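Here's the structure we're looking at; comments come further down.
Pasting the structure below:
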C-alpha cells in the first residue's frame, strides 16, 4: 500500500469512527437520497443548536467521498465507496462479536439478554432527552466497563444506575433525574398515566412493578432467578410470591363473615378454599359466595374462591348458577355419587372437580382439611420437558439434571417459607394453620424419562427432602412452553394431542386401561394434587396422563378428547374440560 493510499484509509477510518456519521451512511443506504432537513431529522439531530454539528459531519463524509451532494435536486446520497465502507464496518462489528464473550443482562421482563450499547443509547435519547452523540458517549463508557469482564452479575436497574451516575458526574442533573427509576422509570410511568383508564390501576401497576424488581433482583437467590429467567423452572407471579401463600383452606362455620373471607382472599395469591360442612344452610352459603365474588371482582383480585361441598344437599346452594367469563368461583364435590352432580355443574359452565373424602383436595389440587386451616406453598414449578430435551431421553442424565433443578426450586421454597409469617400477622383464622410446602412438576406426560420413572420420580425428588406434587398450574405451563419454543426446533417441541396448544400439561391424570369411550368416570377427568404416598401407591406402568375430555352443554354427557359431536345426543355444543376447568 502506497503512502497516499495509507493516508486515505486512515482518513476513512477516522470518519467512520463517529457513530453519528455511520448513522448518516445507514440512513442514506436504506432510504435513498434525502434533502438536508430530512436527513438531519432522520439521524437524530432535531435541535436547532445541533445544526452546526450536523453540517460538520456532512463535510467530513463529503471530503472522503463517502456521500455526494446533487446540486440539481439538492439531495444527499451515498456513493459506492460509502456503501462499501458501511458494509465493511458492519462485517467488522459482526466478527468482533464472535470473539467477545457476551455479557448477559437480567431484565425486568424475566429474560436474559446480551448487553447492547445501541439499545442503551436509544433509551438515553428517548427517556433522558439526550442528543445521539451524548447518549453514544455514555453508552460507550458503560460498554467499556462491562464488556470482557467475566462473572459480572448485571441487571437492567444496575445498567440504568450506572448511566444515571455517569450523567451526574458529567453535570447533566436533569437527564440523570429523568432516567432515574422509581420502581418503574419515569418514562414508563408517564406512558401509563396517559393511557390508563384510572388512577387506581396506575397505582396498582406501579406498586406491582416495584415489588417485581424487588423479588427479581434482591430477594431470591441469584441462581434461582437465573433458572426462572432461562425457563428451567417457574416461580408463579413474581412480585407477590414472597408476600402470601398460594392456597389457603379453612373450615366454614356460622361465625365466618364476609369480611373474614375477603381478608383471607386478599392475603392469598391463587386459591382460597372454604369447606362447607353437612349442616351448613345452602341459602346462607349461596349468599356468602355471591357477595364474596362480587367484592373480589370489584377489587380486581384474581384469587379463585373454591367451595368444598361435603354433602349432596349443599349443591342446592348453587342451583341455577352458570359459569361466566372471569368468574372467581369453583367447586369441589366430596360426597358419594358426586360424579353425576359434577357433570351437571360442568355442563352449565361452572368450574368443578371431585375429591375423595379420605384425602380432600381443592379444585387446583391443594390439600384441604374439614376441621383445620391449611396453607400450601409451591416453591417453583420444574420444567420437565426442557430437561427431557436437554438430556435426549437418557434416564440417568435426566435424573441428575432433575435433582439439580429441584435443588433450586427447594431454595425458592425455603425462601418463601421464611417470608410466610408476615402474611399471618393479626389473622386469627389462620392461627395455628398447618403449612405444606411443595415443588411442582410440570409437563409429566411430555417427558418420556419421567413417565418411564413412574413412581420412582416422586421418590427421587423427595429424596432431596422436599415434597413433590403434580399440581394444576396452567400459567406456569404456558410460560415454560413459550420459552422452550424460543430455543427448541418446532419438531422437538413436545405436545400432547387434545391438550391446550399453548401450554404443557400440569396436574395428574389417571387413565385406567379399562376406560371406555362411552362411559368415562368423571373423577378421572380432574387433576387433584397427589401427595407422595398416594402417587407412589397409584402410579404404575398402566397409569398415564390424559389431556382432556369434552362435556356436552346440551345433555351433560362426557365424550373423548377428539369428539366433534356428542355420542349421546348428537349436539355439536361441546366444551373442553381442561384439568377440571370448563373453557367457555
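In full-length UniProt numbering, the protein residues as written are 1 to 584. Think of the CB as a built atom: it goes at the ideal place given N, C-alpha and C, for glycine as much as any other residue. None of the values given here were measured: they were computed from a predicted structure.
For residue 310 versus residue 341, is the C-beta distance shorter than 7 Å?
no
CA nearest to the CA of residue 124, picked from 238, 135 and 316
135
Would you report the Cα separation of residue 299 and residue 204, rounded to the nearest angstrom?
11 Å
What does the Cβ neighbour count give for residue 19, buried or exposed, with the cut at 16 atoms within 10 Å?
buried
Spell out whether any CB of chain B is found under 7 Å from the CB atom of residue 257.
The structure shown contains no chain B; it is built from a single protein chain.
According to DSSP, is residue 76 helix, strand or coil?
Three-state DSSP puts residue 76 in a strand.
Hey, could you find the ends of the beta strand (DSSP E) residue 352 is sitting in?
351-354
Does the beta-carbon of residue 280 have 16 or more other beta-carbons within 10 angstroms, so that it is buried, or is it exposed?
buried
So, with DSSP's three-state summary, where would you put residue 303?
coil
Length of the line joining the Cα atoms of residue 33 and residue 504
Approximately 51 Å between the Cα atoms of the pair.
Would you list the residues sitting across from residue 332 in a DSSP beta bridge?
Per DSSP, the beta-bridge partners of residue 332 are 308 and 353.
How about residue 242 and residue 419: do their beta carbons lie closer than 7 Å?
yes
Out of curiosity, what's the CA-to-CA distance linking residue 185 and residue 284?
48 Å
Using only the alpha-carbon positions, how far apart do residue 216 and residue 352 sit?
Going by the C-alpha atoms only, they are around 35 Å apart.
In or out: residue 181 buried (at least 16 other Cβ within 10 Å) or exposed?
buried
Nearest to residue 586 (by Cα), restricted to the options 313, 289, 107 and 151:
Past the boundaries of the shown model lies residue 586; the chain is included only from 1 to 584, so the question cannot be answered.
C-alpha gap between residue 598 and residue 144, whole angstroms:
Because the chain is modelled from 1 through 584, residue 598 falls outside the range shown and cannot be assessed.
With a threshold of 8 Å on Cβ separation, who are the neighbours of residue 368 within its own chain once the five nearest residues in sequence on each side are excluded?
249, 273, 275, 308, 332, 355, 360, 361, 362 and 374
Go ahead and label residue 109 buried or exposed: buried means 16 or more other beta carbons lie within 10 angstroms of its beta carbon, across all protein chains shown.
With fewer than 16 other Cβ atoms inside 10 Å of its own Cβ, residue 109 counts as exposed.
So the candidates are 440, 220 and 452; which of them puts its Cα closest to the Cα of residue 395?
452
Kindly indicate which three-state DSSP category residue 384 falls into: helix, strand or coil?
Residue 384 falls in the helix class under three-state DSSP.
Within the region 37-84, note down every full beta strand (DSSP E) run reaching 3 residues or more, in order along the chain.
67-70 and 75-78
For residue 75 and residue 189, what's the separation of their Cα atoms in angstroms?
41 Å
Pick helix, strand or coil for residue 542, following the three-state DSSP scheme.
Low confidence applies to residue 542: its pLDDT is 29, below 50, so where it sits in the model is not reliable, and the reading given next is rough at best. It is coil, neither helix nor strand.
Under a Cβ-count criterion, where at least 16 other Cβ atoms within 10 Å of its own Cβ denotes burial, should residue 572 be classed as buried or exposed?
exposed
Between the alpha carbons of residue 376 and residue 260, how many angstroms are there, rounded?
19 Å
Just mark residue 91 as buried or exposed, buried being the case when its beta carbon has 16 or more other beta carbons within 10 Å.
exposed
Could you give the DSSP three-state label for residue 418: helix, strand or coil?
It is helical.
Cutting at 6 Å between CB atoms, please list the residues of its own chain near residue 435, excluding the five before and the five after it.
375
Specify, as a first and last residue, the run of the beta strand (DSSP E) that residue 158 falls within.
From DSSP, residue 158 is part of no beta strand (DSSP E) but of the alpha helix (DSSP H) over 156-169.
Using 8 Å as the Cβ pair cut-off and three pairs as the minimum, do the region 401-408 and the region 223-234 touch?
In short, these stretches touch, since the Cβ pair count reaches three.
Once the 5 residues before and after residue 61 are set aside, which same chain residues still bring their CB inside 8 Å of it?
15, 21, 24, 25, 67 and 82
Quick one, are the C-beta atoms of residue 447 and residue 384 less than 7 Å apart?
yes
Given this structure, state the Cα-to-Cα distance separating residue 49 from residue 133, to the nearest angstrom.
13 Å
How would you label residue 582, buried or exposed, when you count the other beta carbons within 10 angstroms and need 16 or more for buried?
Confidence at residue 582 is low in this model, with a pLDDT of 33, below 50, so its placement is unreliable and the value that follows should be read with caution. With a threshold of 16 other beta carbon atoms within 10 Å, residue 582 meets it and is buried.
I'd like to know whether the C-beta atoms of residue 460 and residue 399 end up nearer to each other than 7 Å.
yes
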